[in-house]
Amino acid sequence: MNFDISEEQQMLQETVSQLIENECPLSRIREIFEGTDGYDPALWKGMVEMGVAGLQIPEEYGGAGLEMLDQALAAETLAYAGAPGPFLGHALAGLALVLGGSEEQKQRWLPRLAQGEALGTVALAEGDNVWQPEQWKLAGGSTLLGQKAYVPYADMAGVIIVGVAGPGLVLVEKGASGITTENYDLVDRARQLCTVSFDSTPCEVLPEGAAASERVRDAALVLLAADAFGSGQRLLDMCVQYAKEREQFGVTIGHFQALKHQLANMALEIEPTRGLYWYAAHVFDHVQDESARMAALAKAHITDRTMQIARDAVEAHGGIGFTWECDVQIWFKRAMFDRAWMGTPSVHRERAAQMAGW
């Protein structure tokens, strides 16, 4: 039995990695960190042309027709590079339409999302700890009245998939009456989040939205787990490289046993989590009875471990690790985002325990 990814999946990661290296190197990421929009038009255009904007959109609608594991591998690669942009919300919006939309809605929106003609996003949160479909209070029908929090790139989006009580998911188009957005000032400048307010805003119900809402939640958790793994791996690699270059007392600091032990412990923390997110992505498509529990466990464990690796990475770099000039801060802040968005590890450990009957 082969537990590795396929040659095609390896090529996907290599191609995405090369695109980021060409279009959005570290120097460009630092420029983006000086701003607040978390967006690089050239990088997003390249991702669209490569097909990354429509990985899980079926081929008949112009997408690649791939699976969650492929989407998660792309998320890992983007995170490893520290890439900014709307990939996460866009991927979830497309998946929500695939799983919950009517045929007319799919025909109208999926080709546009796959080809980058429109940007999609999802509005799932109603507060700091209100992410789950069963917690939603915003009522959905023909109009919306209320507010959603922590919505990725809402001010740029052409379509927002909104989580609501009852129908589960509804669709709001850009320019709809009564919709206003306000950007958060985030620590992670590679991302953008908004508060979205609705005042009798027209919306369309997704016919299968009630069932699709939980699947979209699980997909978000898997992608956050994959993103966190990519960040953790990058932080470890940065520390190893720094240990080979930084000299103290006439030798590189990698010669010191205390640092060797720290790096080994960091590797032991991150490497086993690769299989956890792979499995969570696999069961999303192939063993759906396990999907919700595995997505919760993957998100909780991997984002937690990556946050610890980020703290260790700061220490491994010494005094410079605490500064803006040190690149560790880019992935430290990304790890903070991945841990918080869609609920903290404690929330999802509790959910996993409940699903296991505890």
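With our numbering applied, the sequence shown covers -7 to 350. C-beta atoms are modelled at their ideal positions from N, C-alpha and C, and glycine is treated no differently. Quick caveat: nothing in here was measured; it's all calculated off a predicted structure.
message: Do Leu227 and Ile301 have their beta-carbon atoms positioned less than 8 Å apart in this structure?
response: yes
message: Just verifying my parser: in three-state terms, what is the DSSP assignment at Phe190?
response: strand
- prompt: What are the boundary residues of the beta strand (DSSP E) that Gln139 is part of?
  reply: Thr135 to Pro144
message: Just to check my reading of the structure: Gly160 and Ser205 have Cβ atoms closer than 8 Å, yes? What is that Cβ distance to the nearest angstrom?
response: 4 Å
Cut-off 7 Å between Cβ atoms - residues of its own chain near Trp323, not counting five sequence neighbours on either side: Gly74, Ser223, Arg226, Leu227 and Ala302
field: Nearest-angstrom Cβ-Cβ length linking Val394 and Ala88, presumed shorter than 8 Å
entry: What is shown of the chain runs -7 to 350, which leaves residue 394 out entirely.
query: Looking at C-alpha atoms only, which residue of Asp177, Ile171 and Gln48 is the closest neighbour of Glu98?
result: Sequence inspection shows Lys at residue 98; the Glu mentioned does not correspond to that position. The option with the nearest alpha carbon to Lys98 is Gln48.
field: Whether Leu114 touches Ile153 by CB criterion (8 Å)
entry: Correcting the residue identity first, residue 114 is Val in this sequence and not Leu. Cβ atoms of Val114 and Ile153: closer than 8 Å.
query: Given that a residue counts as buried once 16 or more other Cβ atoms are within 10 Å of its Cβ, and exposed if not, what is Met3?
result: By the beta-carbon neighbour count (other beta carbons within 10 angstroms, threshold 16), Met3 is exposed.
query: So what does DSSP say about Glu174, is it helix, strand or coil?
result: strand
- prompt: Which residue's Cα is closest to the Cα of Glu342: Met328, Met299 and Ala292?
  reply: Ala292
task: Mind reading off the beta-carbon distance from Met230 to Ala305? Whole number of angstroms is fine, and I expect it under 8 Å.
output: 7 Å
message: Quick check: is the beta carbon of Val306 nearer than 8 Å to any beta carbon in chain B?
response: The chain inventory of the structure shown lacks chain B, comprising one protein chain alone.
query: For Met(-7), does the three-state DSSP call read helix, strand or coil?
result: Any answer about Met(-7) is weak, because its pLDDT of 46 lies below 50 and its placement is not dependable; what the coordinates show is given next. Met(-7): coil per DSSP, three-state reduction.
- prompt: How long is the line joining the alpha carbons of Ala250 and Phe314, rounded to whole angstroms?
  reply: 20 Å
query: DSSP three-state call for Gln97: helix, strand or coil?
result: helix
field: Between the CA atoms of Leu289 and Glu200 - distance to the nearest angstrom
entry: 26 Å
Residue(s) in a DSSP beta bridge with Val114: Ile153
message: Do Tyr142 and Gln184 count as a contact pair if the criterion is CB distance below 8 Å?
response: No, the pair does not count as a contact, with Cβ atoms beyond the cut-off.
field: Pro76 to Leu215 span [Cα, whole Å]
entry: Cα-Cα distance, rounded: 15 Å.
- prompt: Excluding five sequence neighbours on each side, which residues of the same chain lie with their C-beta closer than 6 Å to the C-beta of Lys325?
  reply: Val179 and Asp180
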